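Residue numbers (the numbering used here): 545 to 950. For each residue, glycine too, the CB sits at the ideal point set by N, CA and C. All values reported here derive from a predicted model rather than from experimental measurement. Please read the structure below before turning to the comments.
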């Protein structure tokens with residue numbers, strides 16, 4: 545979600561995506577002509593299964609133990625068997641935030657980082673919203689850089705989504721754009737071969753997580769993509785595609801994704817949408833007691849890299865004395881501030897666990913403007929900027945704003 549470019553010229557542009565969400569919420573109370581769904585009851589959730597399995601998704605606002613069944617005092621061999629990607633190895637964690645077309649920043653940074661020669665293999669990769677589109681390829685390494693470059697430099701809005709007409713959508717639909725084209729693009733990139741490659745890395749102890757928001761619960765959800773890929777279950781590939789699409793589905797702008805689950809022998813669905821609704825990025829939701837972290841015998845100091853696909857400050861813009869413009873600007877400010885709060889949370893967690901913190905964000909000097917949801921020219925410029933910065937050795941900030949020198 546975050547401060548997605550593209551709404552800067554028309555009246556819709558002045559309102560912005562968060563404002564459209566707010567306006568639509570006010571205008572569509574009780575208006576829908578879509579088929580009825582079968583939402584899972586709250587009391588059935590704890591026993592629910594996806595693909596007939598448990599453990600493929602977790603609440604993102606609860607601590608996630610990667611290996612919950614370790615002995616109370618695990619030996620190094622216990623840890624090595626359970627966490628082969630951690631024990632006795634360098635630890636590198638990458639988180640890619642939301643940001644819509646601004647995902648071109650992360651794409652350029654990662655590709656330029658590969659060229660620089662010092663991009664590490666990441667032990668854990670997480671992605672939310674536009675970051676979910678990038679995360680699988682960042683996880684698999686530099687050999688997949690051409691995928692993310694193509695996605696953020698070759699396509700424009702009409703290649704990815706189709707506008708439905710806002711008036712019709714407000715009263716009869718669930719979103720302003722149809723994402724069938726985006727779904728098809730995801731399917732073209734995320735195929736059986738990619739899923740098998742993810743599963744192979746999962747078996748080596750590396751983790752890929754993507755965040756969505758469960759709208760029924762209004763809570764963040766973390767999907768273990770490696771475990772899904774490794775499951776061998778029919779429907780695993782479709783589920784991975786659904787999770788990626790859901791994570792990138794900005795409410796009101798793009799329709800949510802219904803994911804089938806079962807509980808007590810009955811079939812239900814869950815409504816998932818943009819992970820940025822509940823969290824802009826995450827690194828250390830994947831947690832463990834401090835003494836367990838220290839006992840992993842990690843080589844050197846662990847490093848965490850957080851790529852924020854936006855600027856650290858909101859652009860100055862005079863607001864018109866109109867209700868929707870005021871609401872839109874206020875909602876945008878709220879989303880932006882939420883993203884900054886996520887940076888502080890992850891920074892403090894990194895300090896707690898003794899992990900070196902590294903932050904990348906779009907520099908304030910980048911002044912190009914986007915004319916549409918996915919403006920190819922805008923994305924190419926942003927990609928080129930990040931690429932050049934990374935080739936020369938990206939100037940990672942060591943703390944969020946307000947914590948000393950950047």
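Nearest-angstrom beta carbon gap, residue j and residue i [assumed within contact, 8 Å]
i           : j           : result
residue 887 : residue 852 : 7 Å
residue 642 : residue 673 : 3 Å
residue 807 : residue 584 : 6 Å
residue 815 : residue 768 : The Cβ separation is near 20 Å, so there is no contact.
Span of the beta strand (DSSP E), counted from its first residue to its last, around residue i
i           : result
residue 891 : Run containing residue 891: none in the beta strand (DSSP E); it sits in the alpha helix (DSSP H), 867 to 896.
residue 850 : 847 to 852
residue 905 : 900 to 905
residue 601 : 601 to 603
residue 523 : This structure cannot speak to residue 523, because the chain is shown only from 545 to 950.
Beta-carbon gap between residue i and residue j smaller than 9 Å
i           : j           : result
residue 644 : residue 794 : yes
residue 676 : residue 848 : no
residue 898 : residue 751 : no
residue 889 : residue 766 : no
residue 635 : residue 846 : yes
residue 936 : residue 658 : no
residue 773 : residue 780 : yes
residue 764 : residue 823 : yes
residue 805 : residue 757 : no
residue 788 : residue 631 : no
residue 866 : residue 588 : no
residue 917 : residue 701 : yes
residue 803 : residue 734 : no
residue 592 : residue 812 : yes
residue 910 : residue 942 : no
Same chain only: Cβ atoms within 8 Å of residue i, ignoring 5 sequence neighbours per side
i           : result
residue 520 : Limits of the chain in this structure are 545 at one end and 950 at the other, which puts residue 520 out of reach.
residue 729 : 695, 699, 703 and 704
residue 708 : 717, 719, 720, 721 and 722
residue 731 : 785
Neighbourhood of residue i by C-beta, 6 Å cutoff - its chain only, sequence neighbours within 5 removed
i           : result
residue 833 : In this prediction, residue 833 scores a pLDDT of 49, lower than 50, which makes its location untrustworthy; the coordinate-derived value is nonetheless stated afterwards. Same-chain partners within the cutoff: there are none.
residue 573 : The predicted position of residue 573 is uncertain, since its pLDDT is 49 and thus under 50; a value taken from the coordinates is nonetheless stated next. Taken in chain order, the list of residues that qualify is empty.
residue 648 : 696, 923, 926 and 927
residue 688 : 681
residue 741 : 684
residue 670 : 639, 753 and 826
residue 706 : 722
residue 625 : none
residue 646 : 853 and 854
Given residue i as reference, the closest of the options once Cα atoms are compared
i           : options               : result
residue 798 : 781, 726, 658 and 883 : 726
residue 931 : 692, 944, 823 and 880 : 692
residue 775 : 764, 865 and 747      : 747
residue 738 : 758, 678 and 698      : 678
residue 945 : 910, 615, 631 and 856 : 856
residue 755 : 579, 605, 942 and 594 : 605
residue 745 : 579, 778, 666 and 796 : 666
residue 651 : 872, 736, 929 and 586 : 929
Residue range of the alpha helix (DSSP H) that includes residue i
i           : result
residue 763 : Per DSSP, residue 763 belongs to no alpha helix (DSSP H); it is in the beta strand (DSSP E), 763 to 768.
residue 925 : 920 to 935
residue 808 : No alpha helix (DSSP H) holds residue 808; DSSP gives it neither H nor E.
residue 683 : 674 to 684
residue 655 : 647 to 660
residue 912 : Neither: residue 912 is in no alpha helix (DSSP H) and is coded neither H nor E.
residue 639 : First-last for residue 639: 636 to 640, but that is the beta strand (DSSP E), not the alpha helix (DSSP H).
residue 787 : 780 to 791
residue 739 : 736 to 747
residue 732 : 724 to 733
residue 693 : 689 to 697
residue 623 : 620 to 626
Any non-hydrogen atom of the ligand NAD closer than 8 Å to residue i Cβ
i           : result
residue 944 : By its list of ligands, the structure shown contains no ligand whatsoever, and the ligand NAD lies outside what it can speak to.
Cut-off 7 Å between Cβ atoms - residues of its own chain near residue i, not counting five sequence neighbours on either side
i           : result
residue 907 : none
residue 882 : 824
residue 786 : 801 and 803
residue 777 : 595, 596 and 597
residue 580 : none
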